[in-house]
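As structure tokens, the structure follows; a few thoughts come after it.
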Amino acid sequence: MSSTPDEQDAANETEVRIRRAPKYGPFIIVGGGIGAIVTFVLTALFPVDPNVGFGALFGYFALYGVTGGALIGAIFALVFDRVLLRRSRPATVVTEITDPDLVEAERLRDEKWAAEDAAADAAANPSPAPEPADAPAKPHEDPTT
Numbered sequence: 000m001s002s003t004p005d006e007q008d009a010a011n012e013t014e015v016r017i018r019r020a021p022k023y024g025p026f027i028i029v030g031g032g033i034g035a036i037v038t039f040v041l042t043a044l045f046p047v048d049p050n051v052g053f054g055a056l057f058g059y060f061a062l063y064g065v066t067g068g069a070l071i072g073a074i075f076a077l078v079f080d081r082v083l084l085r086r087s088r089p090a091t092v093v094t095e096i097t098d099p100d101l102v103e104a105e106r107l108r109d110e111k112w113a114a115e116d117a118a119a120d121a122a123a124n125p126s127p128a129p130e131p132a133d134a135p136a137k138p139h140e141d142p143t144t
């Protein structure tokens, strides 16, 4: 059963939706960075316990600030993704399969068939054997001279 080219083309076409999608990693990293900056500013605004020190206090609160900022960044990326999902548009994709190994296998198969055809033609139409040349034989040369 063979299919027409139109049926083959229809089988390779697929309807898809094209949309822009945010990369979540940069949103989370930027959110964490903003959380660290906000933590630094808030830690600097209030008086510091001299027994603990500014660095230790900032480090402790940065655990919460960076985590909260990263969480807010991830939520912002999810909201941004949902907004872009509504703006997606349909498109038709045509799938074309090209495998270099298959191309090479077809080339080798064609070469093999050509060689088999040439051998079959040669067997069907044998050419006459060439006649020996009537050239005089060379005299034997002495390798010591």
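Residue 0 is where the sequence shown starts when you use numbering that gives the first Met the number 0, and the numbers rise one by one after that.
For glycine and all other residues, C-beta sits at the position ideal for the given N, C-alpha and C.
Endpoints, the alpha helix (DSSP H) within which residue i is located
i: Glu110; result: Pro99 to Ala123
i: Arg81; result: Phe53 to Arg85
Buried or exposed by the 16-neighbour rule on C-beta atoms within 10 Å, applied to residue i
i: Thr38; result: buried
i: Phe26; result: buried
i: Val102; result: exposed
i: Val51; result: exposed
i: Val65; result: buried
i: Ala76; result: buried
Proximity winner among the options, relative to residue i (alpha-carbon distances)
i: Glu12; options: Trp112, Thr91 and Ala114; result: Thr91
i: Ile71; options: Val51, Ala35 and Glu103; result: Ala35
i: Asp100; options: Leu77, Arg108 and Thr94; result: Arg108
i: Ala61; options: Arg85, Ala76, Gly32 and Gly52; result: Gly32
i: Tyr63; options: Thr42, Asp80, Phe79 and Val78; result: Thr42
Pairwise C-alpha distance: residue j and residue i
i: Arg88; j: Asp98; result: 30 Å
i: Gly68; j: Gly54; result: 20 Å
i: Val15; j: Val82; result: 18 Å
i: Arg18; j: Val29; result: 23 Å
i: Tyr59; j: Ala20; result: 35 Å
i: Asp116; j: Asn124; result: 12 Å
i: Glu105; j: Trp112; result: 10 Å
i: Ala122; j: Val93; result: 47 Å
i: Phe45; j: Ala73; result: 29 Å
i: Asp48; j: Leu84; result: 49 Å
i: Ala119; j: Glu110; result: 14 Å
i: Arg86; j: Val78; result: 13 Å
i: Leu56; j: Val40; result: 12 Å
i: Gly24; j: Asp80; result: 13 Å
Start-to-end residues for the beta strand (DSSP E) that takes in residue i
i: Ala90; result: Arg88 to Val93
Residue i - DSSP class collapsed to helix/strand/coil
i: Gly15; result: Per the sequence shown, the amino acid found at residue 15 is Val instead of Gly. Residue state, collapsed to three classes: strand.
i: Pro21; result: coil
i: Phe26; result: helix
i: Phe39; result: helix
i: Asp5; result: With a pLDDT of 49 at Asp5, under the threshold of 50, the modelled position of this residue cannot be trusted; read the value that follows with caution. Looking at Asp5 - three-state DSSP - the assignment turns out to be helix.
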